[in-house]
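K.L.:
Before I ask anything, let me first share the structure, which is written out below as structure tokens.
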DNA sequence: ATTCATAATTGGAACGTTCCAAATTCGTCA
DNA sequence: TGACGAATTTGGAACGTTCCAATTATGAAT
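Chains as they are written, first to last, in this note's numbering: chain A, 1 to 347; chain B, 1001 to 1347.
Here's what the structure looks like:
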């Protein structure tokens, strides 16, 4: 059982070549003769050789590992983002270190340090709340490509991939206004984040554009989770002049808002219009199907990974900030159902 | 910018000690004098040294990496499982390689091979459908501890951590029978998996115990997802003698069943009883709150990680098969709401 | 046959750590 | 003061790969 590790020199001896040749074969070099390549590959299989990446990494001082750190894997958005990254990263022959910070900056520090020790060749990170440019400095100084996703950090000097939160929120609110809503709330999310800020400005600008009131009471923060959505809508319904529609910080909040509405015997879509943000996978199949601003989390993960790989291959690249476009996908939760019902009632 | 890597010998030189001493400090050995330890730590910080794990791994031929491979990270169950693993693994000073197989056996082969090359010191795996004992053989032969989660594989000779699917399903169905249901369906899941098999037998045994019919038409397979739940309930409602309640393969299916019910203007909990399996995080906050068999995914991840760490530390341990206990958590989707309503109507 | 370019192969020196056995320092006790 | 054990410290030799410079085989052209 306790068999010795098989190494390149074992292969070399068995195949009657030098270890250098074996190494060349391992790297798929075109320098090596077709015949010897076949022979070497045969003995590799025969002896059950397994490549030792630690040794290779040490020698080349680089690895085939990329790190990805997210705030909350339990949130579908990040889970989908991670699988998006995984697919492209894997097919490029890399492997993914995934870590979850639970939004804790201390934990983030630890995992980033750990990844650095492991010599990741790049890092995709959705920074925890309160992350500063200085926290990323050691990384960028040592020349490790970093791409920020979801949340940007000013002056960090690294690439970032975010979504056009402002435009998305505006589109959503305009849609609600077109449907006749006048009292529209903005629900959920932590107010001290850039993403919240951008979406909220979009919401407000659409209101202003239509000459509507932007009274502050209608924007209600909460945790960006399903539970947070429940508390936010409860708070909104205590207002003397209740809203009739809401744009939610994200889909999780939107689902929570639907739950809270039902708890008050109000049917989302029919009695109250709700729009989410993200277009998480469940949005399509939920009942009522969630109208939401699609940012395509999996696609975002893929693009982030591609951006990172490009930088890794280029050696040293300019930091670029991409803001992905976004589109409103209208389903039922914003009241498509009412319109139809009215029409049906007329005919 | 292009600064040289700082190594232990640089530290040694700067601190006026030997590299061996620095190494000792790095490992927190008690052999080294308090004064020199402090001095060394100071210069480490000063020079911005970062530990090179590749080198350490090479020397010790072991790593502080554990691998985890799941079938579908997009499913909350697995995301929570991964988070559970992450928490305990991290605090033990390990780091987690996470890979997603999308239930593809080929992909699984690749990622397992890759993990082996990286020298993971242990592996937690929820095997893709169709995985055989032979697929894991190379791993166990090379002495890498493996723990199977969720799905067991016969004769693989490795530890496993599953749930008492049979007992859980029985408890759920008994509960439905107590509430007066007689036509109970079993919805969703792939029929060719061991988990399906076990849950379905539990369902059937509870029916038999109560002297009820176990006509085959009431068990309807589907993909174990939300979308699958929708199609399963649709099929169930086409039966001439419709069920009035269902035990679902998992929570995702249960949510889909609720969606499908609503699409037919039936209110889950009031007009039809549904019970899920897993107790995913959304189960509590959904409306109606989902009655489900709790397997505590995050806790399961933690226990799996603890089991694996135990084996890693023990060197060579006996394979143990743990089947975790499970409990029915009664919420609203199984009709608690009806009962209350009836009582309210009477008073 | 000799030369020359090209194709293929090869030793040995890294890479940055850990571990072993041996060496040095220190305090204490005779 | 010398000796002795304990506490610290320390040179090298690994670990398994890759890379460089150098060597050898191959074949074409003279």
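Ideal placement from N, C-alpha and C gives every residue a C-beta, glycine not left out.
Starting from residue 1114 of chain B, find everything on chain A with Cβ-Cβ shorter than 7 Å and list it in chain order.
P.N.:
Ordered by position in chain A, the residues that pass the 7 Å Cβ test against residue 1114 of chain B are 95.
K.L.:
Look up residue 323 of chain A in the DSSP assignment and say whether it is helix, strand or coil.
P.N.:
Correct three-state label for residue 323 of chain A: strand.
K.L.:
Exposed or buried, which one is residue 1333 of chain B when buried takes at least 16 other CB atoms within 10 Å?
P.N.:
Counting Cβ neighbours within 10 Å, residue 1333 of chain B comes out buried, since at least 16 surround it.
K.L.:
Just to make sure I have the definition right: I need the residues of chain A whose C-beta is within less than 9 Å of the C-beta of residue 1086 of chain B. Which are they?
P.N.:
By Cβ distance, chain A contributes 73, 98, 99 and 100.
K.L.:
Residue 1166 of chain B CB to nearest chain A CB: under 8 Å?
P.N.:
Not closer than 8 Å to any Cβ of chain A, the Cβ of residue 1166 of chain B fails to qualify, so no.
K.L.:
Using a Cβ-Cβ cut-off of 8 Å (strictly less than) and excluding sequence neighbours within five positions of residue 166 of chain A, which residues of its own chain qualify?
P.N.:
Answer for residue 166 of chain A: 198, 199, 201, 202 and 205, listed in chain order.
K.L.:
Return the first residue and the last residue of the beta strand (DSSP E) that residue 1100 of chain B is part of.
P.N.:
Unbroken beta strand (DSSP E) run through residue 1100 of chain B: 1095-1100.
K.L.:
Rounded to a whole number of angstroms, what is the C-alpha to C-alpha distance between residue 1042 of chain B and residue 186 of chain A?
P.N.:
Approximately 50 Å, taken between the alpha carbons.
K.L.:
Count the other C-beta atoms from every protein chain shown that fall within 10 angstroms of the C-beta of residue 1192 of chain B, then say buried if there are 16 or more, exposed otherwise.
P.N.:
It is exposed - the Cβ of residue 1192 of chain B has fewer than 16 other Cβ atoms within 10 Å.
K.L.:
Against chain B, with Cβ distances strictly below 8 Å, would residue 53 of chain A count as a contact?
P.N.:
Closer than 8 Å to some Cβ of chain B, the Cβ of residue 53 of chain A qualifies, so yes.
K.L.:
Leaving out five residues on either side along the sequence, give the residues of the same chain with a beta carbon under 8 Å from the beta carbon of residue 1149 of chain B.
P.N.:
So the qualifying residues of the chain are 1081, 1124, 1125, 1126, 1160, 1161, 1162, 1300, 1301 and 1304.
K.L.:
Pick out whichever of A:277, A:228 and A:223 has its Cα sitting closest to the Cα of residue 247 of chain A.
P.N.:
If we check each option's Cα against that of residue 247 of chain A, A:277 comes out closest.
K.L.:
Assuming residue 217 of chain A and residue 239 of chain A form a contact by the criterion Cβ under 8 Å, report the distance between their Cβ atoms to the nearest whole angstrom.
P.N.:
Between residue 239 of chain A and residue 217 of chain A the Cβ distance is about 6 Å, and since that is below 8 Å, they are a contact.
K.L.:
How should residue 1027 of chain B be labelled, buried or exposed, when 16 other C-beta atoms within 10 angstroms of its C-beta is the threshold for buried?
P.N.:
Exposed.
K.L.:
Check whether the stretch 1253-1265 of chain B touches the stretch 1225-1236 of chain B, taking contact to mean three or more Cβ pairs, one atom from each stretch, closer than 8 Å.
P.N.:
Segments in contact, yes.
K.L.:
Would residue 152 of chain A pass as an interface residue toward chain B - the criterion being a Cβ-Cβ separation below 8 Å?
P.N.:
No, because no Cβ of chain B sits closer than 8 Å to the Cβ of residue 152 of chain A.
K.L.:
I want to see whether chain B comes within less than 8 Å of residue 347 of chain A, judged by CB atoms only; does it?
P.N.:
Because the pLDDT of residue 347 of chain A is 48, which lies under 50, any placement of that residue in the model is unreliable, and the question is left without a value.
K.L.:
When the Cα atoms are used, what is the spatial distance from residue 1035 of chain B to residue 132 of chain A?
P.N.:
In a straight line, the C-alpha of residue 1035 of chain B is about 34 Å away from that of residue 132 of chain A.
K.L.:
Tell me which same chain residues have a C-beta within less than 6 Å of the C-beta of residue 1171 of chain B, skipping the five on either side of it?
P.N.:
Only 1328 meet the Cβ criterion.
K.L.:
In whole angstroms, give me the CA-to-CA distance for residue 151 of chain A and residue 101 of chain A.
P.N.:
Cα to Cα, the separation comes out at about 14 Å.
K.L.:
Would you check if the stretch 1083-1097 of chain B and the stretch 1054-1069 of chain B touch, i.e. whether three or more CB-CB distances between them fall below 8 Å?
P.N.:
A contact exists between the stretch 1054-1069 of chain B and the stretch 1083-1097 of chain B.
K.L.:
Residue range of the alpha helix (DSSP H) that residue 1207 of chain B falls in?
P.N.:
It spans 1194-1209 - the alpha helix (DSSP H) in which residue 1207 of chain B sits, taken as one unbroken run.
K.L.:
Report the rounded CA-to-CA distance for residue 312 of chain A versus residue 99 of chain A, giving the unit in angstroms.
P.N.:
Each residue's alpha carbon lies about 20 Å from the other.
K.L.:
So for residue 1342 of chain B, helix, strand or coil by DSSP?
P.N.:
Legend: pLDDT at residue 1342 of chain B = 49, less than 50; position of this residue unreliable, no value from coordinates given.
K.L.:
Any C-beta of chain B sitting closer than 8 Å to the C-beta of residue 181 of chain A?
P.N.:
So, not an interface residue.
K.L.:
Using the beta-carbon of each residue, which ones in chain B are nearer than 8 Å to residue 348 of chain A?
P.N.:
Residue 348 of chain A cannot be examined here, being either before or after the span of chain A that is shown, 1 to 347.
K.L.:
Can you tell which of B:1120, B:1112 and B:1121 has its C-alpha closest to the C-alpha of residue 1137 of chain B?
P.N.:
For the residues B:1120, B:1112 and B:1121, the minimum Cα distance to residue 1137 of chain B belongs to B:1112.
K.L.:
Can you list the residues of chain A that residue 1103 of chain B reaches, using a CB-CB cut of under 8 Å?
P.N.:
Within chain A, no residue comes near residue 1103 of chain B; the closest Cβ sits about 12 Å away, beyond 8 Å.
K.L.:
By the 10 Å Cβ neighbour count, where 16 or more other Cβ atoms means buried, how is residue 320 of chain A classified, buried or exposed?
P.N.:
Label assigned to residue 320 of chain A: exposed.
K.L.:
Between the Cα of residue 22 of chain A and the Cα atoms of A:74, A:8 and A:184, which residue gives the shortest distance?
P.N.:
With distances taken between Cα atoms, residue 22 of chain A lies closest to A:8.
K.L.:
Please check if any C-beta of chain B sits within less than 8 Å of the C-beta of residue 45 of chain A.
P.N.:
With 8 Å as the cut-off, residue 45 of chain A does not count as an interface residue toward chain B.
K.L.:
Is it the case that the Cβ atoms of residue 1244 of chain B and residue 1273 of chain B are separated by a distance below 8 Å?
P.N.:
Against a cut-off of 8 Å, the Cβ pair of residue 1273 of chain B and residue 1244 of chain B comes out as a contact.
K.L.:
Taking the beta strand (DSSP E) that residue 278 of chain A belongs to, which residues open and close that run?
P.N.:
Here the beta strand (DSSP E) through residue 278 of chain A covers 273-278.
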